[in-house]
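For any residue, its number in the working numbering is found by taking its place in the sequence shown, counting from 1, and adding 729. Please read the structure below before turning to the comments.
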Amino acid sequence: MFFNKFFCAILPVMLASTGWSETISEKLIIQELERTQTDPDSAIQVVIDAPADYVFMFLTTRLHEYVANASALEFDHSGSAMSDRLSAGTLRTATMDNGDLLVQRFLIIDKPKEFAYYTNMQRSTIKAPLRYSVSRYRLTDLNESQTQLNVAITYRATSRLFAFVVRKAFNSALRRDFERAAGIISSAYTTEKAP
730 MFFNKFFCAI LPVMLASTGW SETISEKLII QELERTQTDP DSAIQVVIDA
780 PADYVFMFLT TRLHEYVANA SALEFDHSGS AMSDRLSAGT LRTATMDNGD
830 LLVQRFLIID KPKEFAYYTN MQRSTIKAPL RYSVSRYRLT DLNESQTQLN
880 VAITYRATSR LFAFVVRKAF NSALRRDFER AAGIISSAYT TEKAP
């Protein structure tokens with residue numbers, strides 16, 4: 730029950746408490762980013778009834794609207810390539826209903842085709858049995874009003890004991906959570922485009 734509740738609450742953004750965290754090298758982050766293309770730990774594909782530009786904007790700037798129990802979202806561009814907008818290096822911090830923080834650093838921003846981020850375990854306070862995660866999102870226009878979203882994620886459990894349980898829970902929740910997110914994004918687009 731714990732894992733089901735946990736994975737439903739934070740989509741594929743897998744975090745570790747500060748007690749489990751350790752410094753993850755930039756080299757490992759880049760290796761894991763590459764691995765999202767060749768051998769991800771989890772992957773999902775969904776179709777969203779909205780154009781890619783809208784889906785990209787929603788996924789990157791409105792996380793608190795599609796992640797259960799997220800209540801606020803802030804951005805820090807001070808370490809990013811462009812100090813006034815979302816770019817590689819931007820930190821995205823979601824505040825959860827219970828006050829916990831989910832902190833992610835964008836690694837790639839290629840609007841509206843692709844983005845990727847690393848979840849900063851040392852700055853996040855959500856508890857989960859993971860050392861790190863790297864997520865890559867790819868968007869493809871199917872037509873003027875539909876987008877195919879491919880998400881690939883790499884992560885490492887805090888111990889071998891947790892690895893099997895984490896993978897099983899993660900994979901079972903991933904499709905359900907992204908189908909829910911697709912519905913939220915599609916509904917928001919329909920509502921916002923209406924005259």
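For each residue, glycine too, the CB sits at the ideal point set by N, CA and C.
State buried or exposed for residue i, treating a residue as buried only when at least 16 other CB atoms are found within 10 Å of its CB.
i    : result
I759 : exposed
Q707 : What the structure shows of the chain is the stretch from 730 to 924, and residue 707 is not part of that stretch, so it cannot be assessed.
M811 : exposed
E761 : buried
L740 : With a pLDDT of only 40 at L740, under the threshold of 50, the placement of this residue in the model should not be trusted, and no figure is reported.
If you run the structure through DSSP and keep just helix, strand and coil, what is residue i?
i    : result
N900 : helix
S750 : For S750, the pLDDT reaches just 43, beneath the cut-off of 50, and the residue's location in the model is therefore unreliable, although a value from the coordinates is still provided. Coil, per DSSP.
S916 : helix
A817 : coil
V880 : strand
A714 : Because the chain here runs from 730 to 924, residue 714 falls outside it and cannot be looked at.
R909 : helix
A772 : strand
A781 : helix
T765 : helix
T887 : coil
Can you round the beta-carbon distance between residue i and residue j to whole angstroms, since I take them to be within the 8 Å contact cut?
i    : j    : result
T848 : Y866 : Rounded, the Cβ-Cβ distance is 14 Å, inconsistent with contact.
L830 : S809 : Not quite, the Cβ-Cβ distance comes to about 19 Å (not below 8 Å), so this is no contact.
L792 : A823 : 5 Å
Item to check | Continuous beta strand (DSSP E) assignments of at least 3 residues falling wholly in the region 821-865 | outcome: You should have 830-839 and 843-848.
Item to check | Cβ contact check for the region 799-810 and the region 760-776: 3 or more pairs under 8 Å | outcome: Counting C-beta pairs closer than 8 Å gives fewer than three between the region 799-810 and the region 760-776, which falls short of the contact rule.
Checklist entry - At a cut of 8 Å, does the region 813-823 reach the region 904-919 through at least three beta carbon pairs? => result Too few Cβ pairs lie closer than 8 Å, so no.
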